[in-house]
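Residues -24 to -1, 1 to 360 (mature numbering (1 follows the signal peptide of the UniProt record, and there is no 0)) are what the sequence shown spells out, left to right.
We put the CB at the ideal spot given by N, CA and C, even for glycine.
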Amino acid sequence: MAWTGYQLFLAGLLVGTGSINTLATKWADKAVVPGSPHGRLRNGTSTLTPHPFSHPFLQALGMFFGEFTCLLMFKLLLWFYNRRAGDPSDEAMMPNILKGNRSFNPLIFLPPALCDMIGTTVMYVGLNLTYASSAQMFRGAVIIFTGLFSMLLLRRRLVCFQWIGIVIVLAGLTIIGCADMFFGNNRYVGNEPNTAGVITGDFLIIAAQVIVATQMVLEEKFLLGNNVPPMQAVGWEGFFGMICLGLLLVPFYFVYVDGAPIEDTVDGLYQIYNSRQVAIGYFGTVTSISFFNFAGVSVTKELSATTRTVLDSVRIIVIWVFSLAVQWQDFTVLTLGGFAVLLTGMMLYNNVLIMPFLVSRGCVANPAASDTDDDRRVLANEES
């Protein structure tokens, strides 16, 4: 069945805003601008000296604010619907994006929000060190950890093709890591090649996926049973993440490591003010994350969870091609091969390759009844 214009718009919005989210963050990271006139860098020089915008905690705070706007958007849509509807209590007539239980304890979102806070911050540190495309590809490692944690904590059984998908994903990640190891010396810090920095960034991205997988399992275990509207779930996680991280920024400013604060928020704000590039990159991330979450929820509801998986793969291609076009990294056949292997594994795990083929050949019945459960699991995982 052909897609409607609205569905095409949602697909484009998902790919576009998801790509902007990563690229805008990386663009801000690449800026070298003066900051606060009162601080010190870890090398002892004044923060007024031009230096890279390296503020992962401040960037994570902006991401959480972007997620929080989903809650504001949800409340606005609900208010608008209640004004227009003849019978606001008739949920059958309510738009899909608003359907669900709205009577729940918001504190159930606190544990996954804390996981989101830790995972996002670690990912921003990793993104600052490695390539934007590599960071996006290595986020595919979440499939491995989610599958394992689902078995341990949710007692879910993985079928054969999912295990094959996990093995192929692992192989793809290994190939991409080798590409960064052997060809990562085109990233320079000063005049010295910094392959070690690229590899460290890759490992941080993978480590963050352990936390993200924990977040996904917690969401499925505690949130889906409450049937919370997805946009509301994203918004409440953003709210708790914003509050918790905002409070942590205070001691982080006063606790020094190697002669500099853990997070010099004041310096970061000065850099945002002093540089149009940093400001556009930072607020571009904040804005795009809100629309990205909205598009993700809508695509899953309007189309399917597997469609969203395919569109996420398209997002990786967009980020990689853009990084090559602006010479943020060099083209390597090894990276291309690793991405192809990774994509194959992701498609296998998410039931995009095998089952549609078997259904089209009449070998098995169409598993439409199980799509709802898959979709609900995806709805619970709105990424940054």
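| query | result |
| --- | --- |
| Cutoff 7 Å; reference residue 396; Cβ partners in own chain excluding five residues on either side | Summary: the structure shown does not reach residue 396, with the chain confined to residues -24 through 360, and so no result is reported for it. |
| Backbone secondary structure at Val9 - three-state DSSP | strand |
| Check whether Thr1 and Thr261 have beta carbons under 7 Å apart | yes |
| Contact the stretch 51 to 61 vs the stretch 148 to 156: 3+ CB pairs below 8 Å | no |
| Whether Arg228 touches Ile219 by CB criterion (7 Å) | In the sequence under discussion, the amino acid at residue 228 is Phe, which differs from the Arg named in the question. For Phe228 and Ile219, no; Cβs fall outside 7 Å. |
| C-alpha distance - Phe158 paired with Thr311, whole-angstrom precision | 11 Å |
| Reduced DSSP secondary structure (H/G/I, E/B, other) of Pro82 | helix |
| Contact belief for Ile94 with Ile(-5) at Cβ below 8 Å, rounded distance in angstroms | Ile94 to Ile(-5), Cβ: 24 Å. No contact. |
| For Pro26, three-class secondary structure by DSSP | coil |
| Straight-line gap, Phe40 to Asp243 (C-alpha atoms, nearest Å) | 20 Å |
| Contact under 7 Å by Cβ, Ala172 with Arg16 | no |
| Secondary structure of Leu107, DSSP reduced to three states | The sequence given here places Tyr at residue 107; Leu does not occur at that position. Coil. |
| Residue environment, Phe85, which counts as buried when at least 16 other CB atoms sit within 10 Å | buried |
| Rounded C-alpha distance that separates Leu108 from Gly313 | Note on residue identity: the sequence assigns Ala, not Leu, to residue 108. Answer to the nearest angstrom: the Cα atoms are 17 Å apart. |
| Cα-Cα separation, Leu(-15) to Leu225 | 35 Å |
| Helix, strand or coil at Arg131 according to DSSP, with G and I counted as helix | coil |
| Leu233 versus Gln138: straight-line alpha-carbon distance, rounded | For clarity, residue 233 is Val in the given sequence; the question names Leu instead. Between Val233 and Gln138, the C-alpha separation is close to 44 Å. |
| Inter-residue Cα distance where the pair is Gly141 and Thr320 | 7 Å |
| CA-to-CA distance, Phe121 to residue 361, given in whole angstroms | Only positions -24 to 360 of the chain appear in the structure, and residue 361 is not among them; the question remains open. |
| Cβ-based burial, Ser110 [other Cβ within 10 Å; buried from 16] | buried |
| Assigned exposure category for Met207 - 16 Cβ within 10 Å defines buried | buried |
| Three-state secondary structure (DSSP) of Val233 | strand |
| Backbone CA spacing between Gly102 and Phe114 [nearest angstrom] | 10 Å |
| Residues sharing a beta bridge with Arg16, DSSP | Ser22 |
| Outcome for Leu105 when other beta-carbon atoms lying within 10 angstroms are tallied against a minimum of 16 | buried |
| Through-space distance from Val8 to Met192, alpha-carbon basis | 36 Å |
| Proximity below 7 Å, CB of Pro10 to CB of Pro28 | no |
| Delimiting residues of the alpha helix (DSSP H) encompassing Lys51 | Pro32 to Arg60 |
| For residue 361, the nearest candidate out of Gln112, Val204, Gln185 and Arg60 (CA to CA) | Given that the chain is displayed from residue -24 to residue 360, the structure contains no residue 361 and the question cannot be resolved. |
| Cβ-based burial, Asn203 [other Cβ within 10 Å; buried from 16] | exposed |
| Ala271 vs Leu(-11) beta-carbon contact at 7 Å | yes |
| Coil, strand or helix - Met99 by DSSP | helix |
| With 16 other Cβ atoms within 10 Å as the buried cut-off, status of Ser126 | buried |
| Residues near residue 400 in its chain [Cβ-Cβ closer than 8 Å; skip 5 each side] | For residue 400 there is no data in the structure shown, the boundaries of the chain being -24 and 360. |
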